[in-house]
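Taken in order, the sequence shown gives residues 1 to 291; the numbers are from UniProt numbering. What follows is a single structure, written as structure tokens, with notes after it.
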Amino acid sequence: MNTREQHIMRDLHQRLDLCSINTATLGHREPIGRVIDRVADAGFGGIAPWRRDLEGEDVSAIARRIEARGLTVTGYCRSTYLPAATREQFARNIADNKAALHDAATLGARCFVMVVGGMPDGSRDIEGARAQVSDGIGALLDTARELRVPLALEPLHPMYAADRSVINTVAQALHLCEAIDPGSSGFLGIAVDAYHCWWDPALADSVAAAGRAGRLLAFHVCDWLRDTRDMLLDRGMMGDGVIDLRALRRCVEDAGYDGLVEVEIFSQANWWRREAVEILGTCAHRLQAVC
Numbered sequence: 001m002n003t004r005e006q007h008i009m010r011d012l013h014q015r016l017d018l019c020s021i022n023t024a025t026l027g028h029r030e031p032i033g034r035v036i037d038r039v040a041d042a043g044f045g046g047i048a049p050w051r052r053d054l055e056g057e058d059v060s061a062i063a064r065r066i067e068a069r070g071l072t073v074t075g076y077c078r079s080t081y082l083p084a085a086t087r088e089q090f091a092r093n094i095a096d097n098k099a100a101l102h103d104a105a106t107l108g109a110r111c112f113v114m115v116v117g118g119m120p121d122g123s124r125d126i127e128g129a130r131a132q133v134s135d136g137i138g139a140l141l142d143t144a145r146e147l148r149v150p151l152a153l154e155p156l157h158p159m160y161a162a163d164r165s166v167i168n169t170v171a172q173a174l175h176l177c178e179a180i181d182p183g184s185s186g187f188l189g190i191a192v193d194a195y196h197c198w199w200d201p202a203l204a205d206s207v208a209a210a211g212r213a214g215r216l217l218a219f220h221v222c223d224w225l226r227d228t229r230d231m232l233l234d235r236g237m238m239g240d241g242v243i244d245l246r247a248l249r250r251c252v253e254d255a256g257y258d259g260l261v262e263v264e265i266f267s268q269a270n271w272w273r274r275e276a277v278e279i280l281g282t283c284a285h286r287l288q289a290v291c
């Protein structure tokens, strides 16, 4: 009997404690304190705040509020892009990410999500950008170890290679992890986001390899709409698109992932126009019904 046949996938029915809400799903429209309360009141077990949510806030106070409401911080989003046109800007990018790692540590985040960046303006050198990404992650890894906050590299769909991420598949992210952190220190791994990875014909094998290496740090869900109108801001609610999310979750859990299932939806023209209660209620239903 193979591993897939032996594995019993977790049942999310009445287990919202196994699920997390990324604050982007609610559109960044309310103060973080109110969002924390909404997520906890809806019964979810985790929250993943964005740095923009904490601007001007007392991070320690926010951490205490999250803890008081019984929520796990499944991730802190997201890194400053690494590639830069000058050495000075590259150094500033590293410094900015180190500061964010300190906030992630204060929050008790299970990982710091790394969206590594595309090519600097005017550049056509994608390999050069990838080299900067490798150097940048290497420069951040010691800080991650010291603060006990793993770096989670999030591969983005290839359509974002120019401006948002030159890491575009799980296999590519895993190769980078192994090159920078051979044997795995436990502080460099991968965030698998359904929106970005569902199309990849090598996904199952890549996720399995990442699992064997102990590199699976986060799992994000939403859906890919067949008639997507905006590649950044028109993600679908789970069940409204073409991704077999239950099969994908089985794949990730078969590979050893036992963390929370995190909903991350950017939907400017649809979900971000709805009331938070409706969004969270729909997330709760769809996580149990189609994920």
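Glycine residues also receive a C-beta, built at the ideal position from the N, C-alpha and C atoms.
So residue i and residue j are in contact, right, with Cβ under 8 Å, and what is the actual spacing, rounded?
i: residue 292; j: F187; result: This structure cannot speak to residue 292, because the chain is shown only from 1 to 291.
i: G56; j: C19; result: G56 to C19, Cβ: 29 Å. No contact.
i: A255; j: A191; result: Between A191 and A255 the Cβ distance is about 14 Å, and since that is not below 8 Å, they are no contact.
i: V115; j: R164; result: 6 Å
i: V59; j: M119; result: Not confirmed; about 32 Å, so no contact.
i: N168; j: H157; result: 7 Å
Residue i lies in the alpha helix (DSSP H); which residues open and close that run?
i: A173; result: V170 to I180
i: N93; result: R87 to L107
i: A247; result: L245 to D254
i: L287; result: A276 to V290
i: H196; result: A194 to C197
i: V261; result: Per DSSP, V261 belongs to no alpha helix (DSSP H); it is in the beta strand (DSSP E), V261 to V263.
i: V113; result: Here V113 belongs to no alpha helix (DSSP H); instead the beta strand (DSSP E) covers F112 to M114.
i: L203; result: L203 to R212
i: V59; result: V59 to A68
For residue i, which residues from the same chain have a beta carbon less than 7 Å from its beta carbon, with the 5 sequence-adjacent residues on both sides left out?
i: R148; result: A105
i: D17; result: G45
i: T282; result: M237
i: A171; result: A202 and S206
i: D258; result: none
i: C291; result: L12, V221, M238, L245, R246, R249 and V261
i: W271; result: M237, I265 and I279
Quick one, are the C-beta atoms of residue i and residue j less than 8 Å apart?
i: A242; j: R229; result: First, the residue type needs correcting, since residue 242 is Val and not Ala in the sequence shown. No, the pair does not count as a contact, with Cβ atoms beyond the cut-off.
i: W84; j: N93; result: Just to set this straight, residue 84 is Ala in the shown sequence, not Trp. A contact, by the Cβ cut-off of 8 Å.
i: L54; j: I279; result: no
i: A100; j: F112; result: yes
i: L233; j: S267; result: yes
i: V133; j: G122; result: no
i: A194; j: C222; result: yes
i: D213; j: R38; result: The sequence as given places Ala at residue 213; Asp does not occur at that position. Contact: no.
i: L82; j: G128; result: no
i: D103; j: L141; result: no
Can you list, in chain order, the residues of its chain with a C-beta nearer than 6 Å to that of residue i? Leave out the 5 residues immediately preceding and following it.
i: R110; result: T74
i: T80; result: N93, D96 and N97
i: A139; result: I94
i: M1; result: Caution is warranted here: a pLDDT of 26 is assigned to M1, below 50, making its placement in the model unreliable, and the coordinate value is therefore given only provisionally. Once the five neighbours on either side are set aside, M1 has no close Cβ partner at all.
i: L287; result: L12 and C19
Starting from residue i and walking both ways along the beta strand (DSSP E), at which residues does that stretch end?
i: I21; result: C19 to N22
i: I32; result: It is not in any beta strand (DSSP E) - I32 instead sits in the alpha helix (DSSP H) that spans I32 to D41.
i: A48; result: G46 to A48
i: L54; result: It is not in any beta strand (DSSP E) - L54 carries neither H nor E in the DSSP assignment.
i: V166; result: Per DSSP, V166 belongs to no beta strand (DSSP E) and is neither H nor E.
i: V149; result: Segment: none, V149 is in no beta strand (DSSP E) and carries neither H nor E.
i: F219; result: L216 to V221
Would you call residue i buried or exposed, if buried means 16 or more other Cβ atoms sit within 10 Å of its Cβ?
i: R64; result: exposed
i: A173; result: buried
i: G70; result: exposed
i: M231; result: exposed
i: D183; result: At residue 183 the sequence reads Gly, which differs from the Asp that was named. Counting Cβ neighbours within 10 Å, G183 comes out exposed, since fewer than 16 surround it.
i: V35; result: buried
i: A144; result: buried
i: W199; result: exposed
i: A179; result: exposed
i: A40; result: buried
i: T3; result: Low confidence applies here, because T3 scores a pLDDT of 40, under 50, leaving its location unreliable; read the following figure in that light. Exposed, since its Cβ has fewer than 16 Cβ neighbours within 10 Å.
i: R215; result: buried
i: R274; result: exposed
Near residue i, which residues of its chain fall below 8 Å by C-beta distance, leaving aside the five closest residues on each side in sequence?
i: G43; result: L16, D17 and A284
i: A24; result: W50, C77, E264, I265 and F266
i: I32; result: T23, P49, D53, L54, E57 and I62
i: A289; result: G239
i: A208; result: C251, D254 and A255
i: L107; result: P49, V59, I62, A63, I66, V73 and Y76
i: H28; result: W50, R52 and D53
i: Q14; result: Q288
i: S185; result: L141 and R145
i: A269; result: R229, D230, L233 and D234
i: E30; result: R38 and A276
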